[in-house]
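Here is the structure we will look at, set down as structure tokens.
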Amino acid sequence: LLIAVPVLGDDVAPRFGVADSFLIAEIEGRRIVQVDRVEAVLRGFVSRLGALRDLEVELLLCGGFNRAFLPLAEEFGIRVVTGVAGEAQLAIEGFAINSALASNRGPREWRRGSNQEEDDR
Amino acid sequence: MTSDVEELFPLVFDSINEGVFTVDDQFRITSFNRAAERITGVRRDDAIGRKCHDIFRANICQRGCALRETIESGEPKRDVRIDVLNSDMEVVPIAVSTAVLEDDQGDLVGGVEIFRDITDVETLRSELLGRNTFHDIIGQSRAMRELFAVIPQVAESGAAVLISGQSGTGKEMVAQAIHDLSPRSNGPFVRVNCGALPDTLLESELFGYVKGAFTGAVRDKPGRFEQARGGTLFLDEIGDVSPAFQVKLLRAIEEGEFQPLGGTATLEADIRLVCATNRDLEQMVEQGTFREDLYYRVRVIPLVLPPLSERRKDIPLLIAHFVKLLATRAGRTPPQLNRKAMRALYDYEYRGNVRELRNIIERAFVLCSGDVIELQHLPAEVVSPHAYADHDGQASPFKPSERRIAEAILPRGSRELERPEARRLLAVLEANGWNRTTTAEALGIGRTTLWRRMKEYGLI
Chain A
2 LLIAVPVLGD
12 DVAPRFGVAD
22 SFLIAEIEGR
32 RIVQVDRVEA
42 VLRGFVSRLG
52 ALRDLEVELL
62 LCGGFNRAFL
72 PLAEEFGIRV
82 VTGVAGEAQL
92 AIEGFAINSA
102 LASNRGPREW
112 RRGSNQEEDD
122 R
Chain B
120 MTSDVEELFP
130 LVFDSINEGV
140 FTVDDQFRIT
150 SFNRAAERIT
160 GVRRDDAIGR
170 KCHDIFRANI
180 CQRGCALRET
190 IESGEPKRDV
200 RIDVLNSDME
210 VVPIAVSTAV
220 LEDDQGDLVG
230 GVEIFRDITD
240 VETLRSELLG
250 RNTFHDIIGQ
260 SRAMRELFAV
270 IPQVAESGAA
280 VLISGQSGTG
290 KEMVAQAIHD
300 LSPRSNGPFV
310 RVNCGALPDT
320 LLESELFGYV
330 KGAFTGAVRD
340 KPGRFEQARG
350 GTLFLDEIGD
360 VSPAFQVKLL
370 RAIEEGEFQP
380 LGGTATLEAD
390 IRLVCATNRD
400 LEQMVEQGTF
410 REDLYYRVRV
420 IPLVLPPLSE
430 RRKDIPLLIA
440 HFVKLLATRA
450 GRTPPQLNRK
460 AMRALYDYEY
470 RGNVRELRNI
480 IERAFVLCSG
490 DVIELQHLPA
500 EVVSPHAYAD
510 HDGQASPFKP
520 SERRIAEAIL
530 PRGSRELERP
540 EARRLLAVLE
550 ANGWNRTTTA
560 EALGIGRTTL
570 WRRMKEYGLI
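Residue numbers (the working numbering), protein chains in the order written: chain A, 2 to 122; chain B, 120 to 579.
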């Protein structure tokens, strides 16, 4: 499973669209295999989502994500969890041990269909 | 006295309509009033202690943060217009003012920000400036605002776009907007209605032909792929392309080149592809009537346009726009709609979506010679969608005129025409003297679609 986290310094970036870089983490089971930091060269929202899709990212952990683009992310096969905050590396580790969402307040997972969110706390 | 003020402060803090919060020198929120909770959708308990950028997710958080600049310079800021994302991930425009917080010794301890939701102000401003449009597409409903947010980004990407939506929802306008906002905007925008042409004509239309390719080909003719060089090729009704032609189209798209009919030279297809359909291509793929590989080629970015019934909030806006447009063209003062007419138009189910609404307004505009459009100027199906009394007093779904037709053409016991959409189709056919061209126009659908529906309901 590949997950992406837009970052601001060491923290989860407040907004997906303006993050300068991403952490791309490969998770196997509950183990983090590798984490790479990649510069966000592409500026457009769609271009960024397209790039993540091309990388075969399946999950995006982020702070803010304009809901207008949620259907598109869904179409690209990318699950979006919003409201994630704090250190990006911790968010990834938290996710890997299945408690990422518990370690951050207010995350929501946007699912296919009605864009209805589900609290994962 | 001091203690009275201290006691009152929390009340005042939570009573004011503006959002207020304070941060320490690490930008962690130290106070957060009730209005701030309302605007952001975040509870005070969840906000306190967190970094402000995690709560507000503003477009300036990473660069040009007003509060940071104030704390660093000591200079307050007033009414800086920004947008934030609330807890539902909706964009909320706000105006912020900032100041530093100092202790009794004058030492900096943090900052304070006062902000107000200016959504209403922005909406009003848009209305006053006529900005409820986006490249001629009109709407202020959430569905349309979200679409307007996505289109510029989609345009910039250069990827193939598939626009889905019912007839009359404005697919071509969206395609045009994508072209206008794309890096190819200086190139041509070329539209082809794939549903209107049989395979042989479609092939020569798209790829062109060379002199002598067939009888009547007296000179070379460039196809639409060539005409759209450097620009956008818009293939409307892509779902109507035959399986045989889908293969040829796929080849041109995949290989980025094509051969004109009868020619030997291969030409490069330097186009950005935008397709549209009112059909469920995914279902067609499952049924084997649309190639899966072509489907994924054309829908790199899918956009879905909502039917008018899912954005009724836009109906008054659209009506006002059409009335104003028609009045300007006719050199007349725009007529007003009375309450009943507006209600009927608001409640009506628009099978033909915006195009049908436009046709209804055009008709009403012609029929209305005064200053007010009333119910009598609207088509019968808009005014009276309810049941009509039968001879024996029982409710009948048909008007008397429709009943005669239904009785004449329907097999005894057939209920097909009792379906609401069939009744409506029948009414419009009747109103237009069964002229298919004018009926299709009145319904805001194509003649082919009309023919298909007539066939479906056994009217032909």
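Ideal placement from N, C-alpha and C gives every residue a C-beta, glycine not left out.
For S22/A, none of the residues of chain B pass the 9 Å Cβ criterion, the least Cβ distance being about 11 Å.
Taking C-beta atoms as the reference points, Y328/B and G381/B count as a pair closer than 8 Å. Judged by beta-carbon spacing, A52/A lies beyond the 8 Å limit of D21/A, meaning their Cβ atoms are not closer than that value. Counting only runs that start and end inside the region 138-183 of chain B, the beta strand (DSSP E) elements of at least 3 residues fall at 138-143 and 148-151. Excluding five sequence positions before and after V491/B, the CB atoms of its chain that fall closer than 7 Å to its own CB belong to P454, Q455 and N457, given in chain order.
Its Cα nearest to that of R162/B, the residue N205/B stands out among P129/B, N205/B, A315/B and A550/B.
DSSP, reduced to helix, strand and coil, places K443/B within a helical segment of the structure shown.
DSSP, reduced to helix, strand and coil, places Q285/B outside both helices and strands of the structure shown, so it counts as coil. 8 Å or more divides the Cβ of L56/A from the Cβ of L2/A. Distance check between Q272/B and each of Q295/B, F140/B, E291/B and S301/B places S301/B closest, using alpha-carbon atoms only. Within the model, the alpha-carbon separation for E405/B versus D399/B is close to 10 Å. When 9 Å is used as the limit between beta carbons, Q181/B is near these residues of chain A: L9, A14, P15, R16, V19, A20 and D21, in chain order. Here DSSP, grouped into helix, strand and coil, assigns C394/B to strand. DSSP places E59/A outside both helix and strand once states are collapsed to three, so it counts as coil.
Going by beta carbons, L316/B and F344/B fall outside the 8 Å limit.
Counting every other CB atom within 10 Å of its CB across the protein chains shown gives G10/A a total below 16, marking it as exposed.
Judged by DSSP secondary structure, P421/B falls within the beta strand (DSSP E) whose first and last residues are I420 to V423.
In chain B, no part has a C-beta under 7 Å from the C-beta of A26/A; the shortest such distance is about 20 Å. Residues of the region 278-294 of chain B with a C-beta less than 9 Å from any C-beta of chain A: A278, listed in chain order. Interface with chain A (8 Å Cβ-Cβ cutoff): R451/B is excluded. Residue pairing by DSSP places N554/B opposite no residue, since no beta bridge is assigned to it.
In the DSSP assignment, Y576/B is bridged to no other residue.
Contacts with chain B at 8 Å (Cβ-Cβ) include V47/A. When beta bridges are read from the DSSP output, D236/B appears opposite I213/B.
Chain B has a Cβ within less than 8 Å of the Cβ of G64/A.
Judged by DSSP secondary structure, L9/A falls within the beta strand (DSSP E) whose first and last residues are L3 to L9.
When beta bridges are read from the DSSP output, N312/B appears opposite D355/B. Close to G78/A, with beta-carbon spacing below 8 Å, lies no residue of chain B; the smallest spacing is near 12 Å. Assigned with DSSP and collapsed to three states, T385/B falls in coil, not helix or strand.
Under the 10 Å beta carbon count, A363/B is surrounded by fewer than 16 other beta carbons and is classified as exposed.
Between the alpha carbons of K367/B and T447/B lies a gap of roughly 46 Å.
In the DSSP assignment, L43/A falls outside any beta strand (DSSP E) and carries neither an H nor an E.
No Cβ of chain B is located within less than 8 Å of the beta carbon of L61/A. Residue state for G230/B is assigned as strand, using DSSP reduced to three classes. DSSP places D433/B outside any beta strand (DSSP E), giving it a letter other than H or E. With 16 or more other Cβ atoms inside 10 Å of its own Cβ, V360/B counts as buried.
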